[in-house]
Amino acid sequence: LNNGVAKISALIILRRLDKKKDRVEISPEQLLKATAEAERLAHELNRPIRVIGWYHSHPHITVFPSHVDVGTQATYQMMDSGFVGLIFSVFSEGKDTKEQEIYLMCFQSRNNEAVEIPLQIVYTNEISDRCLKTMIEVSRILIQEEESAADSCENITDILATIYNDAVKTRQFTHITDIITRPLIQTLESRLETNRTRAKQLRKELQLLKQLPID
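Numbered per the UniProt record's numbering, the sequence shown spans residues 1 to 215.
So this is what it looks like as C-alpha cells:
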C-alpha cells in the first residue's frame with residue numbers, strides 16, 4: 001500500500017468453509033495459509049508483500065456486496081484499514097445481447113455501507129510463474145471441497161444413499177474436469193505453441209542480425 005494505492009500482484013485460492021448463495025466463509029487456518037504465502041513471496045521477490053484483500057464471486061446475481069459481505073469486510077478492516085474486497089459477478093447474460101457478462105467491483109465498508117473503490121487492471125503480455133501455479137491449483141482445490149463434502153456422508157448405512165452420493169461426487173468431478181481442467185489445459189497448450197512460434201521467429205531474426213556487416 002503506497003499513498004493510498006494498493007498493487008495486487010498475486011493471489012492465493014483458498015478452500016471455502018461454507019458455500020451458501022449469500023456468503024463465503026474462510027477458515028482461520030486458510031487465512032494463516034495466505035499470510036504465510038505472502039511472507040514467502042516477500043522473501044522470494046525481496047520486496048514488501050502482505051495480504052491486502054479477499055475476493056469471491058456472485059454467480060447469476062448482481063456484483064454489489066450483500067449485507068453479509070459488508071459485515072465481513074468491516075471485520076477485516078478492523079485489522080487493516082487498507083483491506084479491500086473484490087466481487088466478481090459471473091454467469092450473467094446481457095438482456096439485449098444475450099452474451100455472457102462479467103462485472104468486477106472493489107469495495108470497502110464504511111458505516112455499515114459498501115463504498116466502491118476505484119480499480120484499474122494493468123495489462124501484461126506475460127503470466128508470472130506464481131500466477132500460473134495459482135491457475136492450476138483451482139481444479140485441485142475444487143476437488144478437495146467435493147471430497148470433504150463426500151466424506152461428511154461416508155457413515156451413512158443406507159446402500160441406496162451411498163450409491164447416490166457416489167454418483168453425485170462422480171458427476172461433480174466430471175463437471176470440474178469439463179469446465180475448469182480441460183479448458184485450462186487447452187489454453188496453456190495454445191499459449192505454449194504460440195511461445196514456441198514466437199521463439200522460433202526471434203531466433204531467425206537473431207541469425208539475420210548476426211549476418212549484418214559491422215563497420
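Even for Gly, the Cβ is constructed at its ideal location relative to N, Cα and C.
Simplified DSSP state of residue i, which is helix, strand or coil
i           : result
residue 87  : strand
residue 60  : coil
residue 46  : coil
residue 66  : coil
residue 183 : helix
residue 12  : coil
residue 176 : helix
residue 209 : helix
Counterpart residues of residue i in DSSP-defined beta bridges
i          : result
residue 2  : 5
residue 92 : 101
residue 53 : 84
Residue-chain proximity (residue i, chain B), Cβ-Cβ < 8 Å
i         : result
residue 3 : Protein chains in the displayed structure number just one, and chain B is not present.
Integer-rounded CB distance, given that residue j should sit under 8 Å from residue i
i           : j           : result
residue 34  : residue 17  : Not quite, the Cβ-Cβ distance comes to about 14 Å (not below 8 Å), so this is no contact.
residue 107 : residue 101 : Not really, about 19 Å apart at Cβ, beyond 8 Å.
residue 83  : residue 52  : 6 Å
residue 142 : residue 176 : 5 Å
residue 144 : residue 109 : About 30 Å; that fails the 8 Å criterion.
residue 139 : residue 180 : 5 Å
residue 54  : residue 4   : The pair is not a contact, with the Cβ atoms about 19 Å apart (cut-off 8 Å).
residue 6   : residue 65  : Contact doesn't hold; Cβ gap of about 18 Å is too wide.
residue 130 : residue 10  : 5 Å
### Message
Please give me, in chain order, every unbroken run of the alpha helix (DSSP H) with length at least 4 that falls completely inside the stretch 96–171.
### Response
129–151
### At least 3 beta-carbon pairs within less than 8 Å: the stretch 166–184 vs the stretch 134–153
yes
### Task
Determine contact between the stretch 155–170 and the stretch 190–206, defined as no fewer than three beta-carbon pairs at a distance below 8 Å.
no
### Message
Does the structure place the stretch 57–76 close enough to the stretch 33–40 that three or more beta carbon pairs sit under 8 Å?
### Response
no
### Query
Between the stretch 56–68 and the stretch 83–100, do at least 3 Cβ pairs fall closer than 8 Å?
yes
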